[in-house]
Ligand SMILES: Cc1ncc(C[n+]2csc(CCOP(=O)(O)OP(=O)(O)O)c2C)c(N)n1
Ligand code: SF4
Ligand code: SF4
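Protein chains in written order, with my numbering: chain A, 434 to 623; chain Y, 7 to 596.
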């Protein structure tokens, strides 16, 4: 069995660090892992997508439409955009945060006001969580990703890894405590 | 055995090191860039950012002939730039092993086309190696150096975005001794004058035959037999993973890793043994054509798309049939989120002014962060093709407009890295042709688009050593551009940029504008700007929206007032302040 995970967000939100910690944990659990993240043009405020697949033996590094077991979205309309990738019965976790793209800012496109309502109607396994707000409350927006990681670990029921200890090898020492708090907070949100 | 999770690019660098490669040169280009970045931290390897792909390959060829195992890396379109030395070294061959990594980009994740560079192996008569994951990136690089030396042939090492930027587990080995082969003069082999080239061409045809024998039996090409032999799949590179994902052990697979010369005997053996043949490959029907030329019928591009990138689902839908799964859909459009110039980007002041002067100007663009200026609201240029063309292309366009009686002046733009890459020779053409164009160099002191690599204008090299920075304004002056036809301006000073445009439009003949201001994302710049930002005084803001014309992603407009909605990304660049006639915006945190 292979599990497919999609992390979606906006360039600069920290999807890459989140996927690094996740794959390190999965490696400790002995899984075969493939992870794919396309960087390039997308870093300049565009949509970013990271794909993680784990299981006994994983071949392809990417995920097609209707194949994701879990999608974690760092932003509301990115959840909407990624929805076609969700497998029947899959779980969508999304931050309630909004980021306006340039076409929205210049009035060429509209940011839907009812995205979460529509998602809630369509997706049975949906968790809307205030990860960014929590990160702000903790004192650093950048730990939004680790908060979401906590939520994802809970959704996946990944046991036997010291996730908070693992964080030490990925974040500077002075930021470790706040990252650990963010992880706990995210874990508790599910 | 130590195992580590690595991207394809990291594994290529690791493999080169383990193989005793001691010279590496490249020009940045997504998805190849991290190969040199990873090699540059290994002290046994002399790594260089070259000015362009041709000079990178020239350097690597020099090192190989001199006796060092050498590697050149580039993105697919970079190989077009390096095609001249590539075809020459196909004849000369090597002394120590030479591997040329081409990182193709099916799906155009960050490129202007999706050309399939396997075809270059045929053209230049090279060995072609295609790994299918990170582990093979490392193992096959080592094999590539062996092949290169054993058959006196350069190896084209073909990867794709999905291989370069995907991670998988890799078993590490220890690097051995760095081999150095003595340099030996051999003019018959290394001087490609007509008389020698004819002889070397004949040598190459013979050596390709020997290499084909090797390809038929070597470990890079292997058959995975299934229990029954109804279905046989021939595949290479990342497509192998999709084939395994879809068919598992139910089909026999001929997995090719050494694809030029094609292992014809092996193909015959496999194709004769199975009832039906599917060829699964991204891009061109490279393997498919080889199979068909041997007289076997097979299913390939009639079902597998030639366009874009594949994945397991596309392969499954094409060859097995659509799966009936409802999936989820909502009747609600997510607004598009195209990449944009960063908050505080120096290019923004240039594009805003260009738009203001659009009545008098037709603009050509180029490849770099400034290519993002093409989008709303700037609509910065009408044409962009490839690196350097933003300057040289203007010469022809200006002539064409002149012959149609179009009074507008043609403007072209390149960044600093693109200037050193091929913009310099283009500018020489402009000056020497006395063309009626405005040539702009947008100097942000870095190669930004590909992730901030140093270039010839930098005072550090890729390994962090102090080097003499090349002064591009001094070069432009040395071309004979007089002061009255040259402006060097700060792009964040809108008045100065406008003054430069006014002067440039007023005269006939070449005019050069250099905008100078480091990219906002350079570490030192970002550090210096940390904590600084602008804010809008809502009492002074009258809601005129003038500041929104510069399209800064840090700003928003809510309840009829402008605001700096994302102070963390605002750099206090001051552009919005210059737009405001009501003094409503001020800097804080300085
Ligand atoms: C032949 C070729 N090589 C490499 C690239 C990849 N590439 C795209 S933009 C760019 C560099 C841009 O740097 P610069 O001109 O300084 O502009 P900036 O991004 O800094 O604004 C490179 C190397 C390419 N598109 N074509
Ligand atoms: S990376 Fe630098 S040059 Fe590129 S858009 Fe951002 S600020 Fe501008
Ligand atoms: S000063 Fe104004 S224009 Fe510049 S980054 Fe900040 S909000 Fe954007």
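We put the CB at the ideal spot given by N, CA and C, even for glycine.
Model, not experiment: these values are computed from the prediction.
**OP:** Kindly indicate which residue of Y:159, Y:445 and Y:167 has the alpha-carbon position closest to the one of residue 123 (chain Y).
**Re:** Closest option to residue 123 (chain Y), Cα to Cα, is Y:167.
Subject >> alpha helix (DSSP H) runs contained entirely in the stretch 434–507 of chain A, provided each spans 4 or more residues >> reply: At a cut-off of 4 residues, the continuous stretches assigned as alpha helix (DSSP H) that sit fully inside the stretch 434–507 of chain A are 448–461.
Original post:
Hey, how far is the Cα of residue 530 (chain Y) from the Cα of residue 108 (chain Y)?
Top reply: Using only the alpha carbons, I get a separation of about 32 Å.
Original post:
Taking only runs of the alpha helix (DSSP H) that begin and end inside the stretch 271–303 of chain Y, which ones reach a length of at least 4 residues, in chain order?
Top reply: If we require 4 residues or more, the alpha helix (DSSP H) runs fully inside the stretch 271–303 of chain Y come out as 292–299.
Subject >> Delimiting residues of the alpha helix (DSSP H) encompassing residue 9 (chain Y) >> reply: Unbroken run through residue 9 (chain Y) is the beta strand (DSSP E), 9–13; no alpha helix (DSSP H).
Subject >> Option in A:501, A:494 and A:516 with minimal Cα separation from residue 508 (chain A) >> reply: Per the Cα distances, A:516.
Original post:
Between A:478, A:619 and A:505, which lies nearest to residue 575 (chain Y) when the distance is taken from Cα to Cα?
Top reply: It is A:478.
Original post:
Once you ignore the five residues that flank residue 243 (chain Y) on each side, which residues in its own chain have a CB closer than 6 Å to its CB?
Top reply: Contacts found: 136 and 138.
Original post:
Which term fits residue 588 (chain Y), buried or exposed, when burial requires 16 or more other beta carbons within 10 angstroms of its beta carbon?
Top reply: Around the beta carbon of residue 588 (chain Y), fewer than 16 other beta carbons lie within 10 angstroms, which makes this residue exposed.
**OP:** Could you list which residues in chain Y have their beta carbon closer than 9 Å to that of residue 605 (chain A), in chain order?
**Re:** The premise fails here: residue 605 (chain A) is roughly 15 Å from chain Y at the closest Cβ pair, so nothing lies under 9 Å.
Original post:
Given that residue 348 (chain Y) touches chain A, what residues does it touch there, using C-beta distances under 8 Å?
Top reply: In chain order: 477 and 478.
Subject >> CA nearest to the CA of residue 602 (chain A), picked from A:578, A:442, A:437 and A:450 >> reply: Comparing alpha-carbon positions, the option among A:578, A:442, A:437 and A:450 lying closest to residue 602 (chain A) turns out to be A:450.
Original post:
Taking C-beta to C-beta, are residue 420 (chain Y) and residue 372 (chain Y) nearer than 7 Å?
Top reply: In this structure, residue 372 (chain Y) lies closer than 7 Å to residue 420 (chain Y) by Cβ.
**OP:** May I have a chain-ordered list of the beta strand (DSSP E) segments no shorter than 3 residues that lie completely inside the stretch 395–445 of chain Y?
**Re:** Every beta strand (DSSP E) of 3 residues or more that sits fully in the stretch 395–445 of chain Y is shown, in chain order, as 415–421.
Original post:
In or out: residue 39 (chain Y) buried (at least 16 other Cβ within 10 Å) or exposed?
Top reply: Counting the other Cβ atoms within 10 Å of the Cβ of residue 39 (chain Y) gives 16 or more, which makes it buried.
**OP:** Could you check if residue 186 (chain Y) is buried or exposed, using at least 16 other CB atoms within 10 Å of its CB as the buried criterion?
**Re:** When all chains shown are included, residue 186 (chain Y) counts as exposed.
**OP:** Establish whether the CB of residue 505 (chain Y) and some CB of chain A are separated by less than 7 Å.
**Re:** It does not; no Cβ of chain A falls within 7 Å.
Original post:
How many angstroms separate the CA atom of residue 229 (chain Y) from the CA atom of residue 267 (chain Y)?
Top reply: In this structure, the CA atom of residue 229 (chain Y) is about 17 Å from the CA atom of residue 267 (chain Y).
Original post:
If you measure from the beta carbon of residue 495 (chain A) to each beta carbon in chain Y, is any gap under 7 Å?
Top reply: Against chain Y, the CB of residue 495 (chain A) has a partner CB under 7 Å away; the residue lies at that interface.
Original post:
The alpha helix (DSSP H) with residue 353 (chain Y) in it runs from where to where?
Top reply: Note, residue 353 (chain Y): alpha helix (DSSP H), 353–362.
Original post:
Nearest-angstrom Cα distance between residue 616 (chain Y) and residue 496 (chain A)?
Top reply: Residue 616 (chain Y) is absent from the model: chain Y starts at 7 and stops at 596.
Original post:
Any idea what DSSP makes of residue 584 (chain Y), helix, strand or coil?
Top reply: Three-state DSSP puts residue 584 (chain Y) in a helix.
Original post:
In three-state DSSP terms, what is residue 540 (chain Y)?
Top reply: Shown here, residue 540 (chain Y) sits in a strand according to DSSP, grouped into three states.
Original post:
Can residue 106 (chain Y) be considered in contact with ligand 1, in the sense that its beta carbon sits closer than 6 Å to one or more heavy atoms?
Top reply: It does not: the Cβ of residue 106 (chain Y) is nowhere closer than 6 Å to a heavy atom of ligand 1.
Original post:
Got a sec, what are the start and stop residues for the beta strand (DSSP E) residue 266 (chain Y) sits in?
Top reply: Counting along the chain, the unbroken beta strand (DSSP E) around residue 266 (chain Y) starts and ends at 264–266.
Original post:
Is residue 347 (chain Y) near ligand 2, judged by its Cβ being under 6 Å from some heavy atom?
Top reply: Remark: the C-beta of residue 347 (chain Y) is in contact range of ligand 2, defined as less than 6 Å to any heavy atom.
Original post:
Excluding the five sequence neighbours on either side, which residues of its own chain have a C-beta within less than 6 Å of the C-beta of residue 2 (chain Y), listed in chain order?
Top reply: An answer regarding residue 2 (chain Y) cannot be provided, because it is not within the stretch 7 to 596 covered by chain Y.
Original post:
How many Å lie between residue 387 (chain Y) and residue 510 (chain Y) at the Cα?
Top reply: One Cα belongs to residue 387 (chain Y), the other to residue 510 (chain Y), and the distance between them is close to 17 Å.
Original post:
Can you tell which of Y:291, Y:15 and Y:522 has its C-alpha closest to the C-alpha of residue 121 (chain Y)?
Top reply: Looking at the Cα atoms, Y:291 is the closest of the given residues.
Original post:
Can you tell which of Y:441, Y:321 and Y:277 has its C-alpha closest to the C-alpha of residue 304 (chain Y)?
Top reply: Of the residues Y:441, Y:321 and Y:277, the one whose Cα lies closest to the Cα of residue 304 (chain Y) is Y:277.
Subject >> Extent of the continuous beta strand (DSSP E) run through residue 228 (chain Y) >> reply: From DSSP, the beta strand (DSSP E) with residue 228 (chain Y) extends over 228–230.
Original post:
For the beta strand (DSSP E) that contains residue 528 (chain A), what are its first and last residues?
Top reply: For residue 528 (chain A), the uninterrupted beta strand (DSSP E) segment begins and ends at 519–528.
Subject >> residue 557 (chain A) versus residue 333 (chain Y): straight-line alpha-carbon distance, rounded >> reply: If I take the Cα positions, the gap works out to 12 Å.
Original post:
Name the residues in the stretch 534–548 of chain A whose C-beta lies less than 8 Å from a C-beta of chain Y; which are they?
Top reply: Cβ contacts with chain Y come from 534, 535, 536, 537, 538, 539, 541, 542, 543, 544, 545, 547 and 548.
Original post:
How long is the line joining the alpha carbons of residue 580 (chain Y) and residue 336 (chain Y), rounded to whole angstroms?
Top reply: Computed Cα separation, rounded: 41 Å.
Subject >> Spatial neighbours of residue 19 (chain Y) in its chain, beta-carbon cut-off 6 Å, leaving aside the 5 residues before and after >> reply: If we look at residue 19 (chain Y) and ignore the five residues flanking it on each side, its Cβ neighbours are 41, 44 and 45.
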